[in-house]
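Asker: In this note's numbering, the protein residues as written are 311 to 609.
Think of the CB as a built atom: it goes at the ideal place given N, C-alpha and C, for glycine as much as any other residue.
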Amino acid sequence: MTTLSRAALLVSAMAATAGAQSGSSIASRVAAAPDGEVRMTYASRANACGDGRDAVAIGQSFSMSSSFESYGSWRGTTCVHGPARVAVTVRDHEVVGLRAQVGGSWPAGGAASIDLGTVPAADAAAYFLSLSRRLGSSSRRNPMLAAALADSANVAPDLLRLAGDASLGRESRRRAVRWVGVVGDASMVAPLTALATASGGEATGADDPGPGDGVQSAAIGALAMLDDGAGMNALMDLARHGSVSVRKAAVFWVGQSDEPRARALVRTIIDGGRESETVRGAAIFALGQGDNQTAADAS
311 MTTLSRAALL VSAMAATAGA QSGSSIASRV AAAPDGEVRM TYASRANACG
361 DGRDAVAIGQ SFSMSSSFES YGSWRGTTCV HGPARVAVTV RDHEVVGLRA
411 QVGGSWPAGG AASIDLGTVP AADAAAYFLS LSRRLGSSSR RNPMLAAALA
461 DSANVAPDLL RLAGDASLGR ESRRRAVRWV GVVGDASMVA PLTALATASG
511 GEATGADDPG PGDGVQSAAI GALAMLDDGA GMNALMDLAR HGSVSVRKAA
561 VFWVGQSDEP RARALVRTII DGGRESETVR GAAIFALGQG DNQTAADAS
């Protein structure tokens, strides 16, 4: 068993068990629906907003329709708080797709076959997490987004279980890890660090896919997104003492922080005469994200 596999088992062991049956009522009602669209509404978390149509944001995450998602700072989009609205497409009593929105209202005279009305947010979260294992790879992001939107639902442990599920594709596992960063808290620092430092994975040596690609790099980015800077100490430690590939990814995310100590660490790495050119280059690039002149001077 590789270290990465052992880390995945550790992640699963550390994840708290959510109410597995809490979404069963929604599941049975959706399964009984004829072909068409099943709609439901539930309370969204306080830091969620949307434009009532295609744009949905939760904290530092931003999604546009089904074709674009980003993590970090975003701007330029009208985004207001409101309830989560999810339309599930059913064919032959199976869910084949879904669309999550925040705010707005359902269009009058729409094609919904069933409207479940307002459902408990925790039940909705459990239901959409169950769908994350069964829908096709091109649709898995949407159930995770729909689950993450739910107010007062601790979905991070279940997302960690998805991240450690070897039966899922790497892209789905990567997205699950990123969502942990969006909705997680300080309790997620240890399991995310375990994933970030696991050997035998894809983020090693010269073939390191870089920040944002692969499960390990996603875990490093997730540490940067935890609420209230909970992962910053761990992230800075990885930037100092990890492998070259881990340091490269960690330095990138440390450089996105506005904290003076984080910026000071990046500057130290840039000025260090014995630093790997790979790590130093990542530091220059990271610092340049917020200060192009500083990056130019450093190079």
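Please go through the same chain and pick out, in chain order, the residues whose beta-carbon is closer than 6 Å to the beta-carbon of TRP489, but skip the five residues on each side of it.
Answerer: Within the same chain, TRP489 has close Cβ partners MET454, ALA458 and LEU469.
Asker: So for LEU533, helix, strand or coil by DSSP?
Answerer: helix
Asker: List the residues that DSSP assigns as beta-bridge partners of GLY591.
Answerer: In the DSSP output, where bridge partners are listed per residue, GLY591 has none listed.
Asker: Would you please state the rounded distance, in angstroms, between the beta carbons of ALA540 and ALA496? I believe it to be under 8 Å.
Answerer: Under the criterion of beta carbons closer than 8 Å, ALA540 and ALA496 qualify as touching, at roughly 4 Å.
Asker: Distance, Cα to Cα, VAL561 vs VAL576?
Answerer: 7 Å
Asker: DSSP three-state call for ALA504: helix, strand or coil?
Answerer: helix
Asker: Who does SER354 pair with in a DSSP beta bridge?
Answerer: ALA460
Asker: Flag this pair as yes or no: are the beta carbons of ARG409 and ASN452 separated by less than 9 Å?
Answerer: yes
Asker: Can you check DSSP and say which residues form a bridge with LEU408?
Answerer: VAL398
Asker: For SER415, name the three-state secondary structure that DSSP assigns.
Answerer: coil
Asker: Using C-beta distances below 6 Å, list every residue in its chain close to ALA528, excluding the 5 sequence neighbours before and after it, in chain order.
Answerer: ARG484, VAL487 and ARG488
Asker: Checking the sheet assignment: what are the DSSP bridge partners for ILE336?
Answerer: Paired residue(s): none; ILE336 is not in a bridge.
Asker: Over what stretch of residues does the alpha helix (DSSP H) that includes ARG483 continue unbroken?
Answerer: If you look at ARG483, you'll find it in the alpha helix (DSSP H) that goes 480-493.
Asker: Give the C-beta separation of ALA466 and PHE438 to the nearest angstrom, bearing in mind that I take them to be a contact with Cβ-Cβ under 8 Å.
Answerer: Not a contact, Cβ separation roughly 14 Å.
Asker: Among residues of its own chain, excluding the 5 on either side of ALA592, which ones have a beta-carbon nearer than 7 Å to its beta-carbon?
Answerer: These residues qualify, in order along the chain: LYS558, VAL561 and PHE562.
Asker: DSSP state of SER423, grouped into three classes?
Answerer: DSSP places SER423 in strand when its eight states are reduced to three.
Asker: Could you work out which residue in LEU426, HIS551, ASP361 and VAL564 is closest to ALA387 when comparing CA atoms only?
Answerer: Correcting the residue type first, residue 387 is Thr in the shown sequence and not Ala. Ranking LEU426, HIS551, ASP361 and VAL564 by Cα distance to THR387 puts ASP361 first.
Asker: Quick check: the Cα distance between SER334 and ASP433, rounded to an integer number of angstroms?
Answerer: 8 Å
Asker: Need the endpoints of the alpha helix (DSSP H) that VAL564 sits in, please.
Answerer: 554-564
Asker: For ALA544, collect the residues of the same chain with a Cβ closer than 7 Å to its Cβ; drop the 5 residues on either side in sequence, then sort them by chain order.
Answerer: VAL499, THR503 and LEU533
Asker: Straight-line CA distance for VAL400 to ALA435?
Answerer: VAL400 and ALA435 have their C-alpha atoms spaced approximately 18 Å apart.
Asker: Helix, strand or coil for ARG363? Go by DSSP, reduced to three states.
Answerer: coil
Asker: Could you please give me the residues that DSSP links to THR428 through a beta bridge?
Answerer: The secondary-structure analysis by DSSP pairs THR428 across a beta bridge with THR351.
Asker: Starting from ASP547, trace the alpha helix (DSSP H) in both directions and tell me its first and last residue.
Answerer: Start and end: 542-551.
Asker: Taking just the CA atoms, how far does ASP538 sit from GLY598?
Answerer: 24 Å
Asker: Give the straight-line distance between the Cα atoms of ALA574 and ALA506, rounded to the nearest whole angstrom.
Answerer: 23 Å
Asker: By the three-class DSSP mapping on this structure, what secondary structure does VAL465 have?
Answerer: The answer is coil: DSSP assigns VAL465 none of H, G, I, E or B.
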